[in-house]
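Top line first, the protein sequences correspond to chains A and B.
Those letters in the first sequence? Residues 1260 to 1767, by our numbering.
Those letters in the second sequence? Residues 243 to 582, by our numbering.
For reference, the structure discussed in these notes is given below.
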Amino acid sequence: MNSDLSTPVITMKGIGKQFGKVRVLENIEFEIFPGEVHILAGENGAGKSTLMKILSGVYTSYEGTISMAGKVIAPATPLEANHMGISVIHQELSLIPSMNVRDNLFLGRPVTSLGFIRDREQNKKALAVLNDVGLDVSADAFVEDLPISIQQLIEIAKAISINAKVIIMDEPSSSLNSKDVEILFSLIEKLKEQGCGIVYISHRMEEIERLANRITVLRDGKFVGTAPAEKLPIPKLINWMVGRELTNIFPRYEMNRGKEKLRIENLTVSDNEKTFVKSVNLTVKSGEILGIAGLQGCGASELLLGLFGGYNKKTAEHIYLNGKEISIKNPSDAVKSKIALLTNDRKATGLVLSMSIIANICMSGLVELSRWGWRNISGEISAAEKQGDALQIHASSYEMEVGMLSGGNQQKAAIAKWMQISPEVLLLDEPTRGIDVGAKHEIYQLMNEWTKQGISIVLITSEMPELLAMSDRVVVMHRGSITAEFSREETDAENILAAAMGKETIRV
Amino acid sequence: MTDSTQTLPLKNKGAFVQFLSSSAGRATIAFVLVIVLGLIFNADGAFFKLGMHRDALRQASVFGILAVGMTVVIITGGIDLSVGSILAVSAVLFSILTIHLDWPAWISILACIIVGAGLGAISGSLIAVAKLQPFIATLAMMTFGRGVAKYITGGQKISTYLTNSDGEVIIKELPGVFKAIDSRIMGGNIAIVSIIFLFCLLVTGLFLSRHKWGRELFSIGGNEEAARLSGVPVKLTKFLAYTVSGIMCAVAGIAQAAQETQGDPEAGGGYELTAIAMVVIGGTSLAGGRGGMGLTLLGILTIGYLEKILSINAVPESGRLLITGVIIVLAVLTQRKNRK
Ligand SMILES: Nc1ncnc2c1ncn2[C@@H]1O[C@H](COP(=O)(O)OP(=O)(O)OP(=O)(O)O)[C@@H](O)[C@H]1O
Ligand SMILES: [Mg+2]
């Protein structure tokens, strides 16, 4: 490791923060040195994002001091922090969907002369920035038309283009697939060489292992400690994070497969312009976990969304649930058939951030919770608490707006919403995105529990260990078709990747 | 926006201060300020007379009924510009049916409500099914509705004076229902229109806070795509929102006709803006997803009282408009702090 440990660029001392009556940070010490990757670790709601929002000028009232190269600073806005050389990639995407890539890259600091934007120059710079990140998108493309992983890379490009001294990455990889993660890692290497200090927040242990120079751990808003990476191997790190031993995050494999539950024949998914999925056939047995692997754009997410009735266009298909043909024209049909879809973007398509945790958890199951449409308020509260407790949502009150929860707890709220309808089939698109190790373990255990009750699960995940450990069976998609299928005994990472890249076709 | 409202030194921040920084708190502040204004400029004690308060409520009632429907629409993130025109359609239709055609009151009321609901439903379908922007769809309905009102009246006011085919002017007796709606009960202390208004507010408010539909309106306003993908019947819910607004317009139109003892095809011009102002001053967000009927009641009272106080102090119309404009801006500015 070649980090220069002489003088820190940023020193945060005695940092504390309260929201209302809830204390979320207490007396935190944090230093960033040039040329290092400093991992900030901790469970969901530990206060990692909050600490970084203080550093980057999002929150302006806090206790303690921040100094940069010896001088006390207090960035009052994110833009001011940018000018000081502090740049952030936020956990929740912050691009403007209705604007094009170029304008997003230069938002708040356009290339102008006399106040007019110099289009050609800006375009040139934008292309250079995109090229740096190895991104092959047009600068004119609208952000809302791009897949979430590309959006994430644009966000990274934006942060890098500022020539920052410190770059904060709050779970940057949570919406990237393995190929894009490699791009990200090589960028990080380059930035380190330039002497840039990097704060990296992630719940993925393999990333921490690979990137870390030093690690700081928070637990429940308190400072646990800072240590060089070699002094903090993963088991010890987990111990620091959760305060107990956790030897294996994947629970023991259980086989709960029963008879056929869901059968899809000839499903084609398209919108007005594009065909995402071409006549796919799929069966899922009761209590089975079917993993779907594939690269970005392979059509897996669209397959689940199409099955769920999320596209307005009807497609020639037959769907059988428990042997009976059902018709799903829209999501509410799917919900009535007890099919649940956890989408891969909780902020945009999973939760209503302005509503309470209770309202969100009860959103899909509202019909059953009401009588003649009249709501049963106390019934909703106890239902939400029951689901929330099962998933261990960490919140000061369930009346709180879901948008105020930490990222991982928002994810749990989105899952809780679907458990409330007592689903027969759970379609999970990146279910553990942004969830801490301890909670991941709980969710894997819950998945076993659910399959034991006969719930069928279809699982899309970009985390290979998760796919391998949890799936009874894996199908691989490539360009909208299923190109390979592996039983649990046959699954292995290399074969799956090869099939996902379209290298060989195995009989389905 | 910073998080300044949530992170004041909170140890000594009592429940009262917390209330004041909520939406309801801010709306209450605006209302209290207007009342204080009334106490200071009390027009030689006129402000302390019961009649003044009764009149303030009565005069705010027609707007209030419109604001009730408007709240429902705004919570979905939409807007209804057509309320004034639908009010006019209802006012003239009610007058024609009861005065000219001698229809029984109940049937006429029912007919007006059906027509109002129908016009609202057309806007609702354009928005929910044909996916037109609410602003555009209801702007079109605003024009169309005014056209309907003028077409069925030939542009003339419908009153008890009417000309028969021989060119003779005859005066018909004002139907009882007009007098009934414009009357007062409880020793003349509360107007029937005010009761109608409060009834509309209460029932709609109950649906908003206690019915599944209310919850669905909020979820659509907060995040339509997430609501859709959670199985919320987005189209039906939005459609019903505009239909309810249409019904409220019909009720307001009947009340307006009764108060004016005639049906004026020009009635309700500009009312949509007052109704929107009432909703927004209450603290319901124009972006959708946040708000409520209690807040709207505060907004209605704030504007209602403001108008009344200005008029008892004989402030000329120009001054009234100026002051109302300023108050709207101030109220909304304080509301905005509430959002992150
Ligand atoms: N605006 C807010 N109002 C009230 N509470 C908040 C607000 N923002 C965050 N919190 C609370 O602060 C705590 C810390 O949140 P933070 O987002 O920093 O967690 P985190 O460590 O980033 O977690 P995750 O790994 O899930 O992203 C959480 O309990 C959260 O509910
Ligand atoms: Mg976070």
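For every residue, glycine included, the Cβ atom is placed at its ideal position computed from N, Cα and C.
Being a predicted model, the structure only gives us computed values, none of them experimental.
Exercise. Taking all protein chains shown into account, do 16 or more other C-beta atoms lie within 10 angstroms of the C-beta of residue 1514/A, making it buried, or fewer, making it exposed?
Worked result: Mapped onto the first sequence, residue 1514/A falls at position 255. That one is exposed.
For this session: Would you verify that the beta carbon of residue 315/B is, or is not, closer than 8 Å to some beta carbon of chain A?
Result: Numbered from 1 along the second sequence, position 73 holds the residue referred to as residue 315/B. Chain A contact via Cβ: absent.
Problem set entry | Of the listed residues 1321/A, 1572/A, 1474/A, 1317/A, nearest to residue 1345/A (C-alpha basis) | Locating residue 1345/A in the first sequence gives position 86, where the first residue counts as 1. The shortest C-alpha separation from residue 1345/A is found at 1317/A.
For this session: Kindly give me the distance between the Cβ atoms of residue 454/B and residue 318/B, rounded to whole angstroms, as I take these residues to be in contact under 8 Å.
Result: Within the second sequence, the letter at position 212 stands for residue 454/B. Within the second sequence, the letter at position 76 stands for residue 318/B. With a Cβ gap of about 15 Å, residue 454/B and residue 318/B do not count as contacting.
For this session: Could you check the C-alpha separation between residue 251/B and residue 1717/A for me, to the nearest Å?
Result: Here residue 251/B corresponds to residue number 9 of the second sequence, with the count starting at 1. Here residue 1717/A corresponds to residue number 458 of the first sequence, with the count starting at 1. Unreliable placement is indicated for residue 251/B, whose pLDDT of 40 sits below 50; the coordinate value is still reported in the next sentence. If you take the alpha carbons of residue 251/B and residue 1717/A, they lie about 48 Å apart.
Exercise. Quick one: complete beta strand (DSSP E) runs, 3+ long, within the segment 397-453 of chain B?
Worked result: 403-405, 411-413
Problem set entry | Inter-residue CB distance, residue 1611/A and residue 451/B (contact presumed, cutoff 8 Å) | By one-based count along the first sequence, residue 1611/A stands at place 352. By one-based count along the second sequence, residue 451/B stands at place 209. Not a contact, Cβ separation roughly 16 Å.
Problem set entry | Helix, strand or coil at residue 356/B [DSSP, three-state] | Locating residue 356/B in the second sequence gives position 114, where the first residue counts as 1. DSSP places residue 356/B in helix when its eight states are reduced to three.
Problem set entry | Of the residues 1417/A, 1376/A, 1456/A, 1373/A, the one placed nearest residue 1393/A, counting alpha carbons only | Walking along the first sequence from the start, residue 1393/A turns up at place 134. The shortest C-alpha separation from residue 1393/A is found at 1417/A.
Exercise. Just by C-beta distance, which residues in the segment 1571-1593 of chain A are closer than 9 Å to chain B?
Worked result: 1589, 1590, 1591, 1592, 1593
For this session: Closer than 7 Å, Cβ to Cβ, to anything on chain A: give me those residues from the segment 451-472 of chain B, in chain order.
Result: Residues passing the 7 Å Cβ filter: 452, 453, 454, 455, 457, 460, 461, 464, 465, 467, 468, 469, 470, 471, 472.
Problem set entry | Burial state of residue 1502/A, where buried means 16 or more other Cβ atoms lie within 10 Å | Locating residue 1502/A in the first sequence gives position 243, counting from the first residue. So residue 1502/A counts as exposed.
Problem set entry | Complete runs of the alpha helix (DSSP H) confined to the segment 1429-1501 of chain A [at least 4 residues] | 1437-1452, 1464-1470, 1493-1501
Exercise. How would you call residue 408/B, buried or exposed, if buried means at least 16 neighbouring beta carbons within 10 angstroms?
Worked result: For the purposes of this step, residue 408/B is identified with residue 166 of the second sequence, where counting begins at 1. Burial call: exposed.
Exercise. Where does residue 1312/A land, buried or exposed, given buried means 16+ other C-beta within 10 angstroms?
Worked result: For the purposes of this step, residue 1312/A is taken as residue 53 along the first sequence, with counting starting at 1. Residue 1312/A should be labelled buried.
Problem set entry | Buried or exposed by the 16-neighbour rule on C-beta atoms within 10 Å, applied to residue 425/B | For the purposes of this step, residue 425/B is identified with residue 183 of the second sequence, where counting begins at 1. By the neighbour-count rule (16 or more Cβ atoms within 10 Å), residue 425/B is not buried but exposed.
For this session: Note down the Cα distance separating residue 1733/A from residue 1522/A, rounded to an integer number of angstroms.
Result: By 1-based counting over the first sequence, the position of residue 1733/A is 474. By 1-based counting over the first sequence, the position of residue 1522/A is 263. Approximately 16 Å between the Cα atoms of the pair.
Exercise. Is residue 1633/A close to chain B, meaning its C-beta is less than 8 Å from at least one C-beta of that chain?
Worked result: The count along the first sequence starts at 1 and reaches residue 1633/A at position 374. So, interface residue.
For this session: Compare the C-beta of residue 531/B with all C-beta atoms of chain A and state if any pair is closer than 8 Å.
Result: Reading the second sequence from its first residue, position 289 is the one you call residue 531/B. So yes, residue 531/B belongs to the interface.
Exercise. Taking all protein chains shown into account, do 16 or more other C-beta atoms lie within 10 angstroms of the C-beta of residue 567/B, making it buried, or fewer, making it exposed?
Worked result: Taking the second sequence and counting its residues from 1, one reaches residue 567/B at position 325. Its Cβ having fewer than 16 others within 10 Å, residue 567/B is exposed.
Exercise. So does the segment 489-497 of chain B actually touch the segment 429-443 of chain B, counting three or more Cβ pairs closer than 8 Å?
Worked result: yes
For this session: Consider the C-beta atom of residue 1648/A and the heavy atoms of ligand 4; say whether any pair is separated by less than 7 Å.
Result: In the structure on display, ligand 4 does not appear, and the ligands it does have are ligand 1 and ligand 2.
For this session: Note down, in chain order, every chain B residue with its Cβ under 7 Å from the Cβ of residue 1602/A.
Result: The residue you call residue 1602/A lines up with position 343 of the first sequence. In chain order: 471.
Exercise. Can you tell me the Cα-Cα spacing of residue 1751/A and residue 1368/A, whole angstroms?
Worked result: What you label residue 1751/A is simply residue 492 of the first sequence in a count that begins at 1. What you label residue 1368/A is simply residue 109 of the first sequence in a count that begins at 1. Taking the straight line joining both Cα atoms gives about 47 Å.
Exercise. So, helix, strand or coil for residue 1688/A, using DSSP?
Worked result: Taking the first residue of the first sequence as position 1, residue 1688/A is located at position 429. Strand, per DSSP.
For this session: Return no unless some Cβ of chain B is closer than 8 Å to the Cβ of residue 1779/A.
Result: The structure shown does not extend to residue 1779/A, since chain A is modelled only from 1260 through 1767, so no value can be given for it.
Exercise. Chain A beta carbons: is any one of them nearer than 8 Å to that of residue 474/B?
Worked result: One-based indexing of the second sequence puts residue 474/B at position 232. At a cut-off of 8 Å between beta carbons, residue 474/B contacts chain A.
For this session: Using 7 Å as the cut-off, classify the Cβ of residue 1278/A as near or not near the heavy atoms of ligand 1, replying yes or no.
Result: Along the first sequence, one-based indexing puts residue 1278/A at 19. Under cutoff, so the answer is yes.
Exercise. Around ligand 1, which residues pass a check of Cβ closer than 5 Å to any of its heavy atoms?
Worked result: 1278/A, 1283/A, 1303/A, 1304/A, 1305/A, 1306/A, 1307/A, 1308/A, 1309/A, 1663/A, 1664/A, 1665/A, 1666/A, 1667/A
For this session: Within the segment 1355-1443 of chain A, note down every full alpha helix (DSSP H) run reaching 4 residues or more, in order along the chain.
Result: 1360-1364, 1378-1391, 1407-1419
Exercise. For the segment 1494-1528 of chain A, which residues have a beta carbon sitting closer than 8 Å to at least one beta carbon of chain B?
Worked result: none
Exercise. Among residues of its own chain, excluding the 5 on either side of residue 1356/A, which ones have a beta-carbon nearer than 8 Å to its beta-carbon?
Worked result: Your numbering for residue 1356/A matches position 97 in the first sequence. So the qualifying residues of the chain are 1401, 1402, 1403.
Exercise. Within the chosen definition, does the segment 279-299 of chain B reach the segment 466-479 of chain B through at least 3 CB pairs nearer than 8 Å?
Worked result: no
For this session: Label residue 254/B either buried or exposed according to how many other C-beta atoms from any shown protein chain fall within 10 Å of its C-beta, with 16 as the threshold for buried.
Result: Here residue 254/B corresponds to residue number 12 of the second sequence, with the count starting at 1. Low confidence applies here, because residue 254/B scores a pLDDT of 46, under 50, leaving its location unreliable; read the following figure in that light. With fewer than 16 other Cβ atoms within 10 Å, it is exposed.
Exercise. How is residue 1668/A classed by DSSP in three states: helix, strand or coil?
Worked result: If you number the first sequence from 1, residue 1668/A lands on position 409. If DSSP states are grouped into helix, strand and coil, residue 1668/A belongs with the helices.
Problem set entry | Per DSSP, the bridge partner or partners of residue 1548/A | Within the first sequence, residue 1548/A is the residue found at index 289, counting from 1. Partner residues in the beta bridge of residue 1548/A, as assigned by DSSP, are 1716/A.
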